[in-house]
Structures are given as C-alpha cells and as structure tokens.
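Undergrad:
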Amino acid sequence: PSFVGFPALQVFKTPEAQVRIITKVVKNLKKVLEKMQLDKLAVELQPKVRSLVVYIYCLLQEAWNTYGKKRLLDGKCIKLLQEVLISLGFPQNARGLFDEWKKVMQPDAKPEEDEAKDKDKKKGGKDDKKDKKKDGKDKKDDKKDSKGKDDKKDDKEEDLDSFKVTKKVELVWSGVGADEYAFQLLNMGPQMTRLTGAQKDSRVNFSPDKWQRDLIDIVDNEESALVVAPTASGKTFIGYYVMDKVLRFDNQGIAVYVAPSKALVNQVSAEIYARFGKKIYPAHSKQELLGVFLKDFNSAGGVNEAGKWKNCQVLVMIPHILEMLLLSAEFQDWVACLRYVIFDEVHCIGEQEGGEQWEHCMQLIPCPFIALSATVADPSIFHGWLSRVSAKKHTSKVSIVEHKERWNDLYKYVWHKGEMRPLHPFCCLVESSLRRNGMSADLTLVPREMVQLHLEVS
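If you use our numbering, the sequence shown corresponds to residues 331 to 788, in order.
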C-alpha cells in the first residue's frame with residue numbers, strides 16, 4: 331500500500347482539514363478493529379488479517395511523516411495513533427512515535443521564552459541607567475520571573491507528557507508477537523523507507539541520490555560516464571536529462587539513444603515523445619523532435635519517410651545503424667551535429683553476435699556518451715578500456731559511477747507442486763564452496779530473508 335503525501339486528500343485545501351479527515355478515519359478504524367475480533371477469525375483468513383494490519387500501520391506511519399513532522403498533529407491525535415499501534419501489537423513503535431512527537435513539539439515554546447528573556451534584559455538595562463537601587467529590585471524580579479518561566483516550561487513538558495498512553499490498551503490481534511521489529515522485517519520490507527541520501531536539486535523535478543547528482547554534474551560538464559547500477563535503481567533518468575539539455579540548447583544538436591532491441595527502441599520512443607512532445611520548432615524549420623531508425627524502417631515525427639530521420643534532434647536506433655552512419659562519408663555532416671550518445675544495456679558489447687558493433691560505435695563517436703548497464707562483470711576493466719579509447723580520440727574524460735543498492739527488493743521464489751514458494755538464497759549455497767571462498771560480494775538479502783536467517787542461527 332502507498333499513502334505517500336495522501337494525494338486523495340489534496341481536494342481539501344488546508345493541511346488542518348486533511349488532518350481532521352485522517353483523525354476521523356483512524357477513530358473509525360479503531361472502533362471497527364475492536365468489533366472484528368481478528369484473533370477469532372479462521373486460520374485461512376489470517377494472511378488477509380496480516381495484510382490489513384500492515385495496511386493500517388502504513389497509514390499511521392504516513393500520517394506522521396506527512397503531518398506530524400510539520401507539527402500539525404495535536405496531542406489528542408497523537409494519543410489516538412499510539413492507542414491504535416498498541417492495540418495492533420506495536421507498543422515500542424507507539425513509544426517511539428510519542429518521543430518523536432514530543433521532540434517536534436517542544437521547540438514551539440522556545441522562541442516565546444527567548445523573546446521574554448530579551449525584553450526583561452532590555453528593561454533591566456534601562457532601569458540601571460535610571461537608578462541603581464531600582465536595578466537591584468529589578469534583578470530580584472528577574473529571578474522571580476525566571477523561576478516562573480521555568481515552572482511554565484515544566485508545566486508545558488508535563489502537558490505534552492499527558493498525551494503519552496500509559497493505561498493498558500486491549501490487544502485486538504496477537505499476530506505480531508513479542509518481537510514487533512521482526513514482524514516488520516518479515517512483512518513490511520517493501521514498505522520500509524529507503525534512506526539513500528536523497529536531496530533536492532533544482533536541475534531535476536525529483537530528489538536525486540548522491541550518485542545521481544554526480545551523474546548530473548558529469549553531463550553538465552559535457553563529460554562521459556559508465557554507469558553501473560541495478561535494474562530499477564534510477565539510472566535511466568540521466569538519458570532523458572541529456573536529451574532535455576540538447577533540446578533546450580538549440581534546434582540543431584542531436585542526441586542519440588542506442589538500444590539493443592526493437593522492443594526497447596519502441597518503449598523508449600514512446601517515453602521520449604511523452605516527455606518532450608510539446609517542443610515547438612519555427613514555422614520555416616524542417617526539424618523534428620523524434621526519429622526511429624531500425625534495419626527495416628526509419629521514421630521521423632511518426633511519418634515513415636526515407637531520409638527524414640536526418641532532421642530529428644533525438645534519434646533512437648540500434649548499434650548496427652549507428653555504426654553504419656558513423657562510417658558513411660555521406661552522413662558526416664549529421665555526425666558533426668552529434669552532442670551526446672546514450673548506450674543502454676551496454677554490456678551487450680560482450681556478446682559474440684553484434685558485440686563488435688557496440689565496440690565500433692564507442693570508438694567512432696566524436697562526442698561524450700553515457701553507457702548504462704546493470705550487469706557489467708568487472709566495471710573497472712571496462713572503464714579502463716573506455717578511458718583509453720577516449721584519450722586516443724582526445725575527447726572528454728570518462729568517469730565511472732557505481733551504485734549497488736536496489737530501490738525495489740528482489741524476492742526469490744521456486745515453483746513447487748503447482749504453487750510459488752519463497753526461496754531463501756542460502757538454500758542455494760554449497761557449504762564446501764562457502765567455507766573455501768567465503769560469502770559472495772553480490773549476495774544480497776531482503777529484510778524478510780535477513781530475519782529468517784537470524785532466527786535460524788540464533
């Protein structure tokens with residue numbers, strides 16, 4: 331389940347109104363959970379109950395992330411969230427939620443106290459100039475005032491503590507068990523927050539990670555890069571960033587996207603048109619936004635017309651076609667307009683059939699490039715070769731950007747007796763090889779697999 335930002339509540343203009351809606355929803359959920367008697371439901375229904383508990387937990391978590399950190403959740407609301415968490419079997423999470431809320435709410439009182447102290451100091455200073463006797467009196471008054479303020483501060487802390495749930499809350503489901511964190515790892519892996527160092531960057535419309543910002547810097551410096559990152563980790567965005575820069579700069583520069591298959595060419599073409607289809611060229615210009623060039627046909631602006639591809643600013647093709655164009659004397663004026671080339675699935679350079687075409691393209695292009703792959707066996711060796719090629723051509727330096735974390739977990743299953751069953755990676759290891767060579771560096775475990783392994787060995 332995903333509640334990120336509560337998009338369905340954006341019809342309510344103010345965050346306060348949105349919080350009121352969420353509070354009502356949680357109150358009703360609490361009443362319904364008490365009536366459902368989840369523990370008494372049939373065994374075959376318990377997986378659905380588990381999914382319901384995960385769903386509600388995610389709802390409460392996003393309520394905190396979206397509104398709690400902005401100090402929009404009052405004491406009654408935070409108490410309600412604690413009660414629901416405890417009733418579902420998450421007392422430690424409830425305590426952690428209250429502690430975080432208390433930290434967020436405490437700074438509210440500080441600015442007022444500081445202002446009051448500053449006023450008292452100024453007042454005391456003026457009285458000093460007027461009368462020393464009165465100054466002594468003012469100092470006594472200041473001490474009294476400071477005592478009064480400390481008492482108020484203590485009262486405010488006590489007021490915040492009054493919203494901590496201390497009374498016993500009836501448990502509506504016992505499925506979480508004694509270790510609530512183990513339950514979260516086993517059942518909430520896909521919903522866990524990924525801490526990848528994302529920061530806002532005005533150059534893109536999302537918050538890129540550190541390695542993605544490095545990529546943006548490389549492109550802005552008109553340099554080349556080998557990008558090695560897992561599938562679905564967010565590396566393809568840089569190809570569209572390159573196209574955007576080329577399209578914005580002028581109407582003559584060309585960006586080429588090289589894909590290994592016709593299917594990927596069609597997919598990428600659709601994405602490019604969706605992103606940049608609104609670009610308008612002058613009335614007298616023959617330029618087109620997008621062209622596709624394959625062995626069996628070529629088109630520009632969706633029109634299958636021979637030779638029209640030369641007028642396109644973004645051209646999607648396969649390596650065989652790019653090699654042909656780079657070697658042809660007839661098309662050297664087109665080659666001179668190349669600004670960037672994006673090689674997707676560049677590990678195909680190692681294939682016996684067609685690999686040499688990738689190699690020739692990289693040796694012949696006169697411009698910077700971005701090479702993308704998820705499965706390069708030894709990136710350092712490949713990077714060394716690319717750097718030597720670039721040095722001989724006297725073109726821009728080639729950087730290497732590696733990222734090993736996945737945004738989406740990969741769960742392993744095996745088909746057994748007509749159904750899919752979870753497969754733990756350790757079941758596939760050979761003990762003798764493990765003792766001899768140790769753990770493989772590329773062996774990764776998802777949260778569920780980690781806690782299963784811990785429970786087995788502990």
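Backbone N, C-alpha and C define an ideal beta-carbon position, used for all residues, glycine too.
Does the beta-carbon distance from residue 560 to residue 736 come in below 7 Å?
TA: Locating residue 560 in the sequence shown gives position 230, counting from the first residue. Locating residue 736 in the sequence shown gives position 406, counting from the first residue. Taking 7 Å as the Cβ cut-off, residue 560 and residue 736 qualify as a contacting pair.
Undergrad: Please identify the residue among 626, 627, 602, 624 whose C-alpha is closest to the C-alpha of residue 618.
TA: What you label residue 618 is simply residue 288 of the sequence shown in a count that begins at 1. Among 626, 627, 602, 624, the Cα nearest to that of residue 618 belongs to 602.
Undergrad: Assess contact between the segment 498 to 509 and the segment 365 to 382, defined as three or more Cβ pairs (one per stretch) separated by less than 8 Å. Is contact present?
TA: Enough Cβ pairs lie closer than 8 Å, so yes.
Undergrad: Would residue 352 pass as a contact of residue 393 if the rule is Cβ separation under 7 Å?
TA: Within the sequence shown, numbered from 1, the residue matching residue 352 stands at position 22. Within the sequence shown, numbered from 1, the residue matching residue 393 stands at position 63. In this structure, residue 393 lies closer than 7 Å to residue 352 by Cβ.
Undergrad: If you count every other CB in all the chains shown that lies within 10 Å of the CB of residue 525, and 16 or more means buried, which is it?
TA: Position 195 of the sequence shown holds residue 525. Answer is exposed; the Cβ neighbour count stays below 16.
Undergrad: The beta strand (DSSP E) spanning residue 421 covers which residue range?
TA: Taking the first residue of the sequence shown as 1, we reach residue 421 at position 91. Per DSSP, residue 421 belongs to no beta strand (DSSP E); it is in the alpha helix (DSSP H), 421 to 435.
Undergrad: Where does residue 582 fall in DSSP's three states?
TA: By one-based count along the sequence shown, residue 582 stands at place 252. Residue 582 falls in the coil class under three-state DSSP.
Undergrad: When burial is assigned at 16 or more other CB atoms within 10 Å of the CB, is residue 662 buried or exposed?
TA: In the sequence shown, residue 662 corresponds to position 332, counting from 1. Answer is exposed; the Cβ neighbour count stays below 16.
Undergrad: Spell out a yes or no on whether the segment 338 to 351 and the segment 393 to 402 are touching, meaning 3 or more CB-CB pairs, one atom from each, closer than 8 Å.
TA: The answer is yes - the segment 393 to 402 touches the segment 338 to 351, with three or more Cβ pairs under 8 Å.
Undergrad: With 16 as the cutoff for other CB atoms within 10 Å, does residue 396 come out buried or exposed?
TA: Along the sequence shown, one-based indexing puts residue 396 at 66. Burial call: buried.
Undergrad: Would you check if the distance between the CB atom of residue 541 and the CB atom of residue 733 is smaller than 7 Å?
TA: The count along the sequence shown starts at 1 and reaches residue 541 at position 211. The count along the sequence shown starts at 1 and reaches residue 733 at position 403. In this structure, residue 733 lies closer than 7 Å to residue 541 by Cβ.
Undergrad: For residue 746, which of helix, strand or coil comes out of DSSP?
TA: Position 416 of the sequence shown holds residue 746. Strand at residue 746.
Undergrad: How would you label residue 621, buried or exposed, when you count the other beta carbons within 10 angstroms and need 16 or more for buried?
TA: Residue numbering aside, residue 621 sits at position 291 when the sequence shown is read from its first letter. Flag for residue 621 reads buried.
Undergrad: Using a 10 Å radius around the Cβ and a threshold of 16 neighbouring Cβ atoms, would you call residue 398 buried or exposed?
TA: On the sequence shown, position 68 is the one that residue 398 refers to. The residue is buried, with at least 16 neighbouring Cβ atoms inside 10 Å.
Undergrad: Which of the three DSSP states, helix, strand or coil, is assigned to residue 755?
TA: Counting from 1 along the sequence shown, the entry for residue 755 is found at position 425. Helix, per DSSP.
Undergrad: Less than 7 Å between CB atoms is the rule here; does residue 364 satisfy it with respect to chain B?
TA: Considering every chain present, this structure includes no chain B. It has just one protein chain.
Undergrad: Which two residues bound the contiguous alpha helix (DSSP H) that contains residue 407?
TA: Position 77 of the sequence shown holds residue 407. It spans 405 to 418 - the alpha helix (DSSP H) in which residue 407 sits, taken as one unbroken run.
Undergrad: Kindly indicate which residue of 425, 652, 369 has the alpha-carbon position closest to the one of residue 588.
TA: Walking along the sequence shown from the start, residue 588 turns up at place 258. Measuring from the Cα of residue 588, the nearest candidate turns out to be 652.
Undergrad: Using only alpha-carbon positions, find the residue among 646, 720, 369 that is nearest to residue 554.
TA: Counting from 1 along the sequence shown, the entry for residue 554 is found at position 224. The candidate whose alpha carbon is nearest that of residue 554 is 720.
Undergrad: Using the Cα positions of residue 591 and residue 672, report the straight-line distance between them to the nearest angstrom.
TA: By one-based count along the sequence shown, residue 591 stands at place 261. By one-based count along the sequence shown, residue 672 stands at place 342. Near 14 Å, if we compare the C-alpha coordinates of residue 672 and residue 591.
Undergrad: Would you mind working out which of 740, 428, 364, 700 sits nearest residue 418, comparing C-alpha positions?
TA: Position 88 of the sequence shown, counted from the start, is the residue given in the question as residue 418. Ranking the options by Cα distance to residue 418, first place goes to 364.
Undergrad: Which residue's Cα is closest to the Cα of residue 643: 649, 496, 581?
TA: Translated into positions along the sequence shown, residue 643 becomes position 313. Here the closest residue by C-alpha is 581.
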